[in-house]
């Protein structure tokens, strides 16, 4: 250890630390959403960034297969309270965020 040993005692500049943390967080979000993006796009057959109700249900089933029909109905109502039957990518991420986190935390088979 020469240079590394000398640096070990010096504090990391705040901006450098912040940049490392933000890069790490961004990379984590990218990995976190990668599978979801692929799945969403496969269900967004028109390529408009919007799912209809059937596609939304299929997305929910793919992300959270154990979710009961009642829970899916509650999710539909919460995500589309005015019954427009249109679900944007952002709507889907927000609606399924807890399920996505659980999916990410689950050990890979």
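Residue numbers (our numbering): 3 to 111.
Every residue gets a Cβ at the ideal spot worked out from N, C-alpha and C, and that includes glycine.
Would residue i pass as a contact of residue j if the rule is Cβ separation under 8 Å?
| i | j | result |
| --- | --- | --- |
| residue 41 | residue 53 | no |
| residue 102 | residue 38 | yes |
In whole angstroms, give me the CA-to-CA distance for residue i and residue j.
| i | j | result |
| --- | --- | --- |
| residue 61 | residue 32 | 19 Å |
| residue 79 | residue 55 | 11 Å |
| residue 89 | residue 76 | 15 Å |
| residue 35 | residue 94 | 11 Å |
| residue 71 | residue 85 | 18 Å |
| residue 81 | residue 108 | 25 Å |
| residue 25 | residue 19 | 10 Å |
| residue 49 | residue 65 | 20 Å |
| residue 16 | residue 74 | 44 Å |
| residue 63 | residue 100 | 14 Å |
When burial is assigned at 16 or more other CB atoms within 10 Å of the CB, is residue i buried or exposed?
| i | result |
| --- | --- |
| residue 1 | With the chain covering only 3 through 111, there is no way to say anything about residue 1. |
Measuring CA to CA, which of the options is closest to residue i?
| i | options | result |
| --- | --- | --- |
| residue 51 | 99, 105, 107 and 92 | 92 |
| residue 105 | 12, 69, 21 and 49 | 69 |
For residue i, does the three-state DSSP call read helix, strand or coil?
| i | result |
| --- | --- |
| residue 81 | helix |
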